[in-house]
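Trainee: Could you have a look at this structure, given as structure tokens, before my questions?
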Amino acid sequence: MAASLLAIALFVALAVSPSVQVCAPDCTGVDPLTKVRDPTDCTRYYVCVDTSGTGVLLPSIDPVECPDGQYFNDQHTNPRCDPISSAPYDFCSPLCNPCEAHCTHAGEVTPDPTDCSTYYVCLDDGHVLPVGCSAETPFFDFMVGECQTDPTLCFHYCDVCEPHCTQQNERVPDPTDCHRFYLCTPPTMSSFLCPHEEVFNRVTGVCEAGATCITDCPTRK
């Protein structure tokens, strides 16, 4: 047991590489004021700005919505919003869920989407190991992949009160009502009510009479 714990501790100490698949806008390697895609929604984008005068570009705090009926075309030489009617069939992929941990290989570190004092180490078996930041450096900087003292560098893209669609025909729970779910057709989604007061089972993706009712947010009024 002691040897196992020692191995885990050593693995954590060496795991200092931030995940390249974090579900967040990416301003690396672009020019100031460049528009970059919102990886969670193909109808939105962020603007990259040097806010500190150090040459480091950061995305705008909030995304910018394309006009109705348009999507963000990041494949254009000048990324812009274009009509969905002229978009390629896969214009809205890939998408990612900002409320899930994302790993590509063992040794990466990735943020806990809802707790900035915790991060995950990606293991080689596909699982993740949660690790807490210390009291001296309580906030995890998801871009650098280490704990530090600035809370503004926390991962803040997960809103548990919003449904997150990542692929066609996916069923995702309504975070406010366990009797409802959404059918995903990115960039849109449709709300459905389970019949006979059944509950949407998040594991099986279907409505069931005996499923456990789970809500992430207060029920809508």
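FYI, in mature numbering (1 follows the signal peptide of the UniProt record, and there is no 0) the residues of the sequence shown are -15 to -1, 1 to 206. Backbone N, C-alpha and C define an ideal beta-carbon position, used for all residues, glycine too.
From the DSSP output, which residues share a beta bridge with G92?
Mentor: Beta-bridge pairing links G92 to no other residue.
Trainee: Under 8 Å between the Cβ atoms of P148 and M174?
Mentor: Going by beta carbons, P148 and M174 fall inside the 8 Å limit.
Trainee: Quick check: the Cα distance between N63 and D26, rounded to an integer number of angstroms?
Mentor: 19 Å
Trainee: Between P79 and C143, which are expected to be in contact by the criterion C-beta below 8 Å, what is the C-beta distance as a whole number of angstroms?
Mentor: Not confirmed; about 18 Å, so no contact.
Trainee: What residues in its chain sit with their C-beta under 8 Å from that of C12, if we drop five residues either side in the sequence?
Mentor: T19, V21, Y31, C33, L42, L43, P44
Trainee: At a Cβ threshold of 8 Å, is E121 touching chain C?
Mentor: Going by chain labels, chain C is absent from the structure shown, which holds only one protein chain.
Trainee: Give me, in chain order, the residues of the same chain whose beta-carbon lies closer than 8 Å to that of P180; leave out the 5 immediate sequence neighbours on both sides.
Mentor: C192
Trainee: Could you pull out every residue in the same chain whose Cβ sits closer than 7 Å to the Cβ of G190, ignoring the five residues on either side in sequence?
Mentor: R156
Trainee: Can you tell me whether P171 is helix, strand or coil according to DSSP?
Mentor: coil
Trainee: Could you give the C-beta distance for C8 and P115, rounded to a whole number, given that I count them as a contact under 8 Å?
Mentor: Incorrect: roughly 18 Å between the Cβ atoms, too far for contact.
Trainee: Going by Cα to Cα distance, which pick from G40, F177, P172, R187 is closest to C81?
Mentor: P172
Trainee: May I have the straight-line CA-CA distance separating P73 from G117, to the nearest angstrom?
Mentor: 43 Å
Trainee: Pick out whichever of G38, N186, P24 has its Cα sitting closest to the Cα of H152.
Mentor: Here the sequence assigns Gln to residue 152, which means His is not the residue at that position. The shortest C-alpha separation from Q152 is found at P24.
Trainee: Hey, how far is the Cα of D201 from the Cα of Y105?
Mentor: 21 Å
Trainee: Just to confirm, is the Cβ distance from D35 to P17 under 8 Å?
Mentor: yes
Trainee: According to DSSP, is E183 part of a helix, a strand, or is it coil?
Mentor: Of the three classes helix, strand and coil, the one that applies to E183 here is coil, per DSSP.
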